[in-house]
Amino acid sequence: MLTVDTRSGVPIYQQIVEQVKRSTALGVLQSGEQLPTVKQLALDLTVNPNTVARAYRDLERDGVIETAPGRGSFVKSDGATAPARLAANDVTRAAVEGAVREAKAMGLTRNDLRAVIDTVLNRWFPEEK
Amino acid sequence: MSINISHLTKKYGAFAAVDDLSIEIPSGTIFGLLGPNGAGKTTTFKCMLDLARTTSGRVTYDGKPLAPALFEGIAYVPERSVLYDWMNVAEHVEMNRRSFKRFKPARALELLDTFGIDLRKRTRSLSKGMKTAVAVAIAFAREADVLVLDEPTSGLDPVNQRHVLNLTINEAARGCTVIFSSHQIGQVERTAERIAVIDRGRLVLEGAVDDLKADRKIVEAVFPDEKYSLDGLAGDRRIARVDRSGRIVRLMVLDGAPEFAHRLESAGGAGVRIVDLNLEDIFLYAVAPASANTDVVEGS
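Set out below in C-alpha cells:
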C-alpha cells in the first residue's frame, strides 16, 4: 500500500505520514483498521524501524492513529469520520500551501490569487456558487 | 555494543588516509559511512578491526579497546571477498563453524539458499555478486554484536540487494550495531538512522538522516539585476554556502529555510523558492569543491 521514494527530498518518515493520512482521507484505510507493526512495515518498505516508529508517533500526535500497547496501531475509531476529516485537512493544506507559495514566487498578488481560487472553487462546487 | 571512534588518524608516509576522524555509533543502530572513492572508508574499517595499525587516536567498543575476547562478536564483510578459491561454499560454512562458537550453520545454509547459492560450488567459480552474498550470509549467521560491512550489496542483483538490506534491519532489530559503507545512497538513506560523510580522510558531515533532509534546503531567489546585496545575511552560521550565478542566488542552509526565504524577499528577491534536497544532493554538496562563484561559509 505504501511506497518510499529516496529520490524525493521529503524525509522518509514524512512520506509515510502523508501516505497514511491520504489513505485515511480516501477511506482506503478505515476507522479501526489495524496498521502493520513497526517491524513489519520496516521490512515491507526496507527502511529503518525507527523511521517507521517516528512516522507512527507523528500520526498519533496528529490524531490519525492510536496505539494500544501489545496490540498494535489502529486508525482511530472515535467519531468515525473525525480522523479522516483531519487527515484530509492536513493533506489539502500542504497542497494549497505549495500552490500559494509558487503563485507568490511568480508575482501574483493576493487579489490575483483570490480570483484564481474562486474560479477553481466555482468549477468544483458549482451548486454552492 | 556502542562504538566510539576518537580522533582516528592513519598515515601512509606523509599521506593521511584517515585524518582525525571522530564518530559515535550507539548500540543497536545502523550507521552509514559515505564518501567518494578513496575517501578512507575501507581504511577506517581496517583501523576499527586492527587490520591496519592506527597512527593515532583510538576505537573503543562499549568503552573498551579491541581485544581477542571481542573478536567472536565482531563480523566483517570486506569490500573484496576473502573467500578461499579452492574451497567450496559448504566448506566455508564448516570453517566458520569451527572458528566461532556462536556461529549458526543452519542459519548460514538458510541464508545461502535465500541467495540461491549452490553449496557445492568452489568459490573460485562464483561471480563477484555471489561471492559478496556468501560473505554476507556467513557474517549474518555469526550472531554478532557488531557488523562491519564494506559495500555489502556490491555486484548483487536488486532482489538480493533488498535481501541484504532487510537482513541488516533484522540484525539491528535484535540489538546488533551495524556500520556499513555503500555508494548506493538510496540504500543508505533507507536503512541507516545516522550517516557520516568523509572526504579525503576527514569528516565533512554527520547526522541523523531524517534531520539532515528536513533541515538542509536550498533557498533560491532571482534579483532584478546583479546589483543586489546580501550583507544582511553575512555571518549567519546556518548558511553553508552561497552560489551566485548572475541574478540568481542559491543559499544552501542548514536550518531555518522559511526564514531565509523571507529575508531574500525582503532584500528584493523575486521567485523565491525552497528546494528540498535528497540525501544524494546533500552528499554531493558535502564533497563538492567550491567553484569560483561559491562562498563556502562553513566547512559542513
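As you go down the protein sequences, you meet chains A and B in turn.
Note that the first sequence covers residues 1 to 129 in our numbering.
Note that the second sequence covers residues 1001 to 1300 in our numbering.
All residues carry an ideal CB built from backbone N, CA and C; glycine is no exception.
Only a predicted model underlies this, so the values are computations on that prediction, with no experimental measurement involved.
For the region 1153–1169 of chain B, the set of residues with a beta-carbon nearer than 8 Å to any beta-carbon of chain A comprises Arg1162, Leu1165, Asn1166, Ile1169, in chain order. For secondary structure counted as the alpha helix (DSSP H) over 4 or more consecutive residues, the region 18–80 of chain A holds these complete runs in sequence order: 38–45, 49–61. Secondary structure of Gly1232 (chain B) (DSSP, three-state): helix.
DSSP places Ser1099 (chain B) within a helical segment (H, G or I) once states are collapsed to three. By the CB criterion at 7 Å, Phe1260 (chain B) and Leu1251 (chain B) fall inside the cutoff. Taking C-beta separations shorter than 8 Å and ignoring five residues to either side along the sequence, the partners of Val64 (chain A) in its chain run Val20, Lys21, Thr24, Val75, Lys76, Pro83, Leu86, Ala87, following chain order. Just measuring C-alpha positions, the residue of A:Gly32, A:Gln14, A:Glu33, A:Glu66 sitting nearest Val47 (chain A) is A:Gln14. Rounded to whole angstroms, the gap between the alpha carbons of Gly98 (chain A) and Gly107 (chain A) is 14 Å. Not flagged as an interface residue toward chain B: Thr24 (chain A), since no C-beta distance is shorter than 7 Å.
With the criterion set as a beta carbon lying under 8 Å from some beta carbon of chain B, the members of the region 4–30 of chain A are Val4, Thr6, Arg7, Ser8, Gly9, Val10, Pro11, Ile12, Tyr13, Gln14, in sequence order. Note on Pro69 (chain A): under 16 other CB atoms within 10 angstroms of its CB, so exposed under the neighbour-count rule. Cβ proximity to chain A below 7 Å picks out Gly1186, Glu1189, Arg1190, Thr1191, Ala1192, Glu1193 from the region 1179–1204 of chain B.
Identification of chain B residues near Met106 (chain A) by a Cβ-Cβ cut-off of 9 Å yields Ala1270, Gly1271, ordered along the chain. Of the candidates B:Gly1201, B:Glu1206, B:Ile1195, B:Gly1201 places its Cα closest to the Cα of Gly1038 (chain B). Linking Asp1157 (chain B) to Ile1169 (chain B) through their CA atoms gives a straight-line distance of about 19 Å. In the structure shown, Pro126 (chain A) adopts helical secondary structure according to DSSP, grouped into three states.
Close to Asn1096 (chain B), with beta-carbon spacing below 9 Å, lies no residue of chain A; the smallest spacing is near 26 Å. At a C-beta separation below 7 Å, Pro49 (chain A) has these neighbours in chain B: Ile1169, Ala1173. The beta-carbon separation of Val1197 (chain B) and Val1059 (chain B), rounded to 19 Å, does not stay under the 8 Å limit for a contact. Not flagged as an interface residue toward chain B: Thr109 (chain A), since no C-beta distance is shorter than 7 Å. In this structure, Ala55 (chain A) keeps its C-beta atom at 7 Å or more from the C-beta atom of Val38 (chain A). Looking at the backbone, the Cα of Ile1023 (chain B) and that of Ile1003 (chain B) are separated by about 8 Å. For the pair Leu1147 (chain B) and Glu1171 (chain B), the CB atoms are nearer than the 7 Å cut-off. The beta carbon of His1163 (chain B) is closer than 7 Å to those of Thr1114, Phe1115 in its chain, skipping five residues each way along the sequence. At the C-beta level, Tyr1061 (chain B) and Leu1051 (chain B) stay beyond 7 Å of one another. Put simply, the region 1122–1129 of chain B touches the region 1085–1096 of chain B. At least three CB pairs are less than 8 Å apart.
With a threshold of 7 Å between beta carbons, Ala115 (chain A) makes no contact with chain B. Around the beta carbon of Asn1160 (chain B), 16 or more other beta carbons sit within 10 angstroms, so the residue counts as buried. Close to chain A, meaning a Cβ-Cβ distance shorter than 7 Å, are the following residues of the region 1203–1237 of chain B: Asp1210, Lys1213, Ala1214. For Gly1040 (chain B), the CB contacts under 6 Å within the same chain, skipping 5 residues up- and downstream, are Ala1017, Val1018, Ile1198, Gly1201 in chain order. Spanning the alpha carbons of Phe1103 (chain B) and Ala1067 (chain B) requires a straight line of approximately 19 Å. As computed with DSSP, Leu1008 (chain B) is found in a beta bridge with B:Leu1021.
Going by beta carbons, Arg1247 (chain B) and Glu1220 (chain B) fall outside the 7 Å limit. In chain order, Thr6, Arg7, Ser8, Gly9 make up the part of chain A whose C-beta sits under 7 Å from the C-beta of Asn1278 (chain B). When 9 Å is used as the limit between beta carbons, Ala42 (chain A) is near these residues of chain B: Asn1166, Ile1169, Ala1173, in chain order. The beta-carbon of Thr46 (chain A) is placed less than 7 Å from the nearest beta-carbon of chain B.
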